[in-house]
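Notes for the one structure printed next.
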Amino acid sequence: MVRKLGLILPKRDPEATMTKPEPTIHDQTNILPTGRLLIVFSALASALLITFIDQQSIGVVLPTIGEDLNSSATITWAGTSSLIANTAFQVLYGRLSDIFGRKVIIISCLCLLGLGDLLCSFAKTGPQFFAFRGISGVATGGIMALTMMVVSDVTTLESRGKFMGILGSCIGLGNAVGPFISSAFTERVTWRALFWLLCPLAVCSGLVLYLLLPSRKLPPEPLQVKLAKIDYLGVFFSSAGTILLLIPISGIGTQFPASSPMVISMLTLGAFFIVMFVLTEWKFAKLPMFPLRFFRTPALAAMMVQNFLIGLTYYSLLYYLPLFYQTARQMSVIHSALLILPLVLSQSTASIASGAASICNFSRTFPLAGIIVTLIIQGIGLGLTFQPILVAAQAHSEKKDRAVVISSRNFLRSLGGAVGLAVASALFSNTLVDHLPSAPTIPQPIADKIKASVFSVPDLTGLSETQKDLILDTYVKASRSVFYFWVGCISIAWLLMFLIKDRGLQRKEERVAAEQKAETQGRREDEESGSANASGDERVPLRDEKGSDQDVVTSTGNAERS
């Protein structure tokens, strides 16, 4: 009776009941002709180059900045604060660019970078400098993510790997020249001059992109609608959780005891906020900035974890190698910058693992040629890993997720870098304090001074050769504890590669569409073949211009071959 009255309800799709609809995301694909593409790409590459010069230039001059600001014991927070800010906000940029457009966000980030660098140049205390580096970190995270998003918008997936590789070379160039620029300013003028240079460069880069970068006009929406799409809870939980976890990890053992109430409470709150972030992205966010559906695909999940582990190793490597050179090897700032070149100019996970294992042999007497060869191996591994993972991740995801795949990948890499710096700081400082000889082996005032400023170059004036060797060997032990940590992380990343399969450069939805089209075409051909047989016709194969066989119907029903 109910069926006759037409009251039968349509069947409900169980998938639809489980998945909440996301707000509309407008496609910003804008494939450019070659000439225009080269101009736009050059502007984007320049912005990325400035970003990495800013990010990697201070590593070799941190001891000098720490002494100038009377913050030698905590100066590594200059790197950690930048990476924490970079990490906390990077995951948001994918959705912000989806909502407001790529061009607006990347230009805003470049202007913010200029402001952060200007403030850094006038910092008077360590905490001020750390806060201003945090502002720069927020900006650099956006520029890195948006550059890759725009390149993805203006290129095809097949040609994207080539352009991403060129961006990778800009990253390597920025990492290479940054330490030289900063060390030259530090030795000839002042470290503050570095930021006086970077500030106008960042602003000028923003102006160039404003004039040259085409923007695809998005459908008009009220500002309230755009603001309502932002995942505010996700932003709060991710940033709060990241900060509360990394602060105690970085300072355990040197700045506060591991069992102190502050450490326990911060770690507990940080873990709680991270759990809430995951829950928010999974159940409550209308437009999640970190979609957990990525982890349903084993290959994509493996690539995301690899990014975390590689970022963990890479960023701490750039900070702690100069520290090793200047403390254990007693090298100058310029020489420590020179010895970063083999790594960043040569930037395969197996290659990274072999290089990471070799670095554990570094000692005060290890030949410089051996150090250079080891870093070249690591650099090649990094160069063959960063960009292919990004292109592969996009190939394994849907087109609508292009921006969030990039921001999520960069978020995990930066999170790995922040965690790596924090853990490396704790390992280095605790190992140094635990193994440093005490009186009467070395004078107690000198031991106390070293423990108070573990990240500064030790003053060995007035000590005997035996005492100097004991102190410098302790710095080698502290550095090796960090090196062993890197080896373990990269070994795990290497094992994860067995979960990744090469499926070409077609996205998932493109493969499905191609399979459906082939199936429909085959069904149609079968129907036509049956119809031809019923009418007494025969089909014979005919070679087309590509050399493949085609069926041709003859009017007589006889088989003909041409």
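Residue numbers for the sequence shown follow UniProt numbering, so the first one is 1 and each next one is one higher. Glycine included, every Cβ here is placed at the ideal spot set by N, Cα and C. Nothing here was measured: the structure is a model prediction, and the numbers come from that model.
- So Val-419 packs on Leu-312, CB below 8 Å; how close in whole Å? For this step, residue 419 is matched to residue 419 along the sequence shown. For this step, residue 312 is matched to residue 312 along the sequence shown. Indeed they touch by this definition, with Cβ atoms about 6 Å apart.
- Task: Tell me where the alpha helix (DSSP H) around Ile-105 begins and ends.
- Result: Against the sequence shown, residue 105 aligns to sequence position 105. Its alpha helix (DSSP H) spans residues 102–121.
- Give the secondary structure of residue 585 by DSSP, where H, G and I count as helix, E and B as strand, and everything else as coil. In the structure as shown, the chain starts at 1 and stops at 562, and residue 585 therefore has no counterpart that could be examined.
- Item | alpha helix (DSSP H) runs wholly inside the stretch 223–269, at least 4 long, in chain order | 223–228, 232–251
- Query: Taking just the CA atoms, how far does Cys-489 sit from Ile-75?
  - Reply: Within the sequence shown, the letter at position 75 stands for residue 75. Within the sequence shown, the letter at position 489 stands for residue 489. Ile-75 and Cys-489: Cα-Cα distance of roughly 25 Å.
- Range covered by the alpha helix (DSSP H) that runs through Asn-30: To locate residue 30, count along the sequence shown from 1; it is residue 30. It is not in any alpha helix (DSSP H) - Asn-30 carries neither H nor E in the DSSP assignment.
- Query: Mapping DSSP to helix, strand and coil, what is Phe-284?
  - Reply: Position 284 of the sequence shown, counted from the start, is the residue given in the question as residue 284. Helix.
- Query: With 16 as the cutoff for other CB atoms within 10 Å, does Leu-38 come out buried or exposed?
  - Reply: Here residue 38 corresponds to residue number 38 of the sequence shown, with the count starting at 1. By the neighbour-count rule (16 or more Cβ atoms within 10 Å), Leu-38 is not buried but exposed.
- Ser-407 and Arg-95 closer than 9 Å at C-beta: Stepping through the sequence shown from its first residue, residue 407 is reached at position 407. Stepping through the sequence shown from its first residue, residue 95 is reached at position 95. Their beta carbons are under 9 Å apart, which means Ser-407 touches Arg-95 by this criterion.
- Item | Terminal residues of the alpha helix (DSSP H) in which Leu-472 lies | Walking along the sequence shown from the start, residue 472 turns up at place 472. Here the alpha helix (DSSP H) through Leu-472 covers 465–496.
- Task: Would you kindly work out how many angstroms separate the C-alpha atoms of Leu-432 and Gly-79, rounded to a whole number?
- Result: Start at 1 with the first residue of the sequence shown, and residue 432 comes out as number 432. Start at 1 with the first residue of the sequence shown, and residue 79 comes out as number 79. Computed Cα separation, rounded: 20 Å.
- Stretch-stretch touch, CB-based, cutoff 8 Å, three pairs: the stretch 205–225 with the stretch 238–245: no
- Locate the alpha helix (DSSP H) running through Pro-445, then write down its first and last residues. Start at 1 with the first residue of the sequence shown, and residue 445 comes out as number 445. Element bounds for Pro-445: 444–452.
- Message: With H, G and I counted as helix, E and B as strand and the rest as coil, what does DSSP make of Arg-329?
- Response: Position 329 of the sequence shown, counting from 1, holds the residue named residue 329. Note: Arg-329 maps to coil in three-state DSSP.
- Query: Cα separation between Leu-83 and Ile-442?
  - Reply: Sequence index remark: in the sequence shown, residue 83 carries index 83 (1-based). Sequence index remark: in the sequence shown, residue 442 carries index 442 (1-based). Cα to Cα, Leu-83 sits roughly 37 Å from Ile-442.
- Task: Can you have a look at Asn-70 and say buried or exposed, based on whether 16 or more other CB atoms are within 10 angstroms of its CB?
- Result: On the sequence shown, position 70 is the one that residue 70 refers to. Exposed is the call here.
- Message: Give me, in chain order, the residues of the same chain whose beta-carbon lies closer than 6 Å to that of Arg-413; leave out the 5 immediate sequence neighbours on both sides.
- Response: By 1-based counting over the sequence shown, the position of residue 413 is 413. Once the five neighbours on either side are set aside, the close Cβ partners of Arg-413 are Asn-307, Gly-311.
- Message: Measuring only from the beta carbon, is Ser-456 closer than 8 Å to any heavy atom that is part of the ligand ADP?
- Response: Inclusion of the ligand ADP in the displayed structure is not the case, the ligand content being empty and no account of it being possible.
- Item | Cβ distance (whole Å) where Leu-300 is taken to contact His-396 below 8 Å | Taking the first residue of the sequence shown as position 1, residue 300 is located at position 300. Taking the first residue of the sequence shown as position 1, residue 396 is located at position 396. That pair is a contact at about 5 Å.
- Are the Cβ atoms of Pro-63 and Val-457 separated by less than 9 Å? For this step, residue 63 is matched to residue 63 along the sequence shown. For this step, residue 457 is matched to residue 457 along the sequence shown. It is a contact, given that the beta carbons lie within the stated cut-off.
- Item | For Val-189, three-class secondary structure by DSSP | Residue numbering aside, residue 189 sits at position 189 when the sequence shown is read from its first letter. Correct three-state label for Val-189: coil.
- Query: Do Asp-54 and Leu-92 come within 9 Å of each other at the CB atom, strictly closer than that value?
  - Reply: As a working note, residue 92 is residue 92 in the sequence shown. As a working note, residue 54 is residue 54 in the sequence shown. No. Outside cutoff.
- Specify whether the stretch 228–235 and the stretch 135–143 touch according to this definition: at least 3 beta carbon pairs, one from each stretch, less than 8 Å apart. no
- Simplified DSSP assignment, three categories, for Ser-397: Walking along the sequence shown from the start, residue 397 turns up at place 397. It is coil, neither helix nor strand.
- Query: Apart from the five residues on each side of it in sequence, which residues of its chain come closer than 7 Å, Cβ to Cβ, to Asp-117?
  - Reply: In the sequence shown, the residue the question calls residue 117 occupies position 117. Within the same chain, Asp-117 has close Cβ partners Asp-54, Ser-136, Phe-195, Leu-198, Cys-199, Ala-202.
- Compute the distance between the beta-carbons of Arg-188 and Met-149, then report whether it is under 9 Å. On the sequence shown, residue 188 is found 188 positions in, with the first residue counted as 1. On the sequence shown, residue 149 is found 149 positions in, with the first residue counted as 1. Going by C-beta atoms, Arg-188 is not nearer than 9 Å to Met-149.
- Task: Report the three-state DSSP secondary structure of Ser-46 (helix, strand or coil).
- Result: Here residue 46 corresponds to residue number 46 of the sequence shown, with the count starting at 1. In this structure, Ser-46 counts as helix in the three-state DSSP scheme.
- Cβ pair Val-208, Ser-46 closer than 9 Å: Position 208 of the sequence shown holds residue 208. Position 46 of the sequence shown holds residue 46. Yes, these two residues count as a Cβ contact at 9 Å.
- Task: Since I believe Gly-206 is in contact with Leu-245 (beta carbons under 8 Å), could you give me their beta-carbon distance rounded to a whole number of angstroms?
- Result: Residue mapping note: residue 245 aligns to position 245 of the sequence shown, counting from 1. Residue mapping note: residue 206 aligns to position 206 of the sequence shown, counting from 1. Not quite, the Cβ-Cβ distance comes to about 33 Å (not below 8 Å), so this is no contact.
- Query: Tyr-315 to Arg-409, Cα distance in whole Å?
  - Reply: Position 315 of the sequence shown, counting from 1, holds the residue named residue 315. Position 409 of the sequence shown, counting from 1, holds the residue named residue 409. Roughly 15 Å between the two C-alpha positions.
- Message: Whole angstroms are fine: how far does the CA of Leu-223 sit from the CA of Leu-32?
- Response: In the sequence shown, residue 32 corresponds to position 32, counting from 1. In the sequence shown, residue 223 corresponds to position 223, counting from 1. Cα-Cα distance, rounded: 29 Å.
- Task: Measure the C-alpha to C-alpha separation of Leu-292 and Met-304 and round it to an integer number of angstroms.
- Result: In the sequence shown, residue 292 corresponds to position 292, counting from 1. In the sequence shown, residue 304 corresponds to position 304, counting from 1. Spanning the two alpha carbons is a distance of roughly 11 Å.
- Message: Just verifying my parser: in three-state terms, what is the DSSP assignment at Glu-221?
- Response: Residue numbering aside, residue 221 sits at position 221 when the sequence shown is read from its first letter. Coil.
- Item | Boundaries of the alpha helix (DSSP H) in which Ile-135 is found, first to last residue | Here residue 135 refers to the residue found at position 135 when the sequence shown is read from its first residue. Counting along the chain, the alpha helix (DSSP H) containing Ile-135 begins and ends at 126–154.
- Query: Looking at C-alpha atoms only, which residue of Asp-98, Ser-336, Asp-434, Asp-473 is the closest neighbour of Ser-57?
  - Reply: Looking up residue 57 in the sequence shown gives position 57. Nearest option by C-alpha distance: Ser-336.
- Task: Buried or exposed for Gly-416, please, with buried defined as at least 16 other CB atoms from any protein chain shown within 10 angstroms of its CB.
- Result: To locate residue 416, count along the sequence shown from 1; it is residue 416. By the 10 Å Cβ count, Gly-416 comes out buried.
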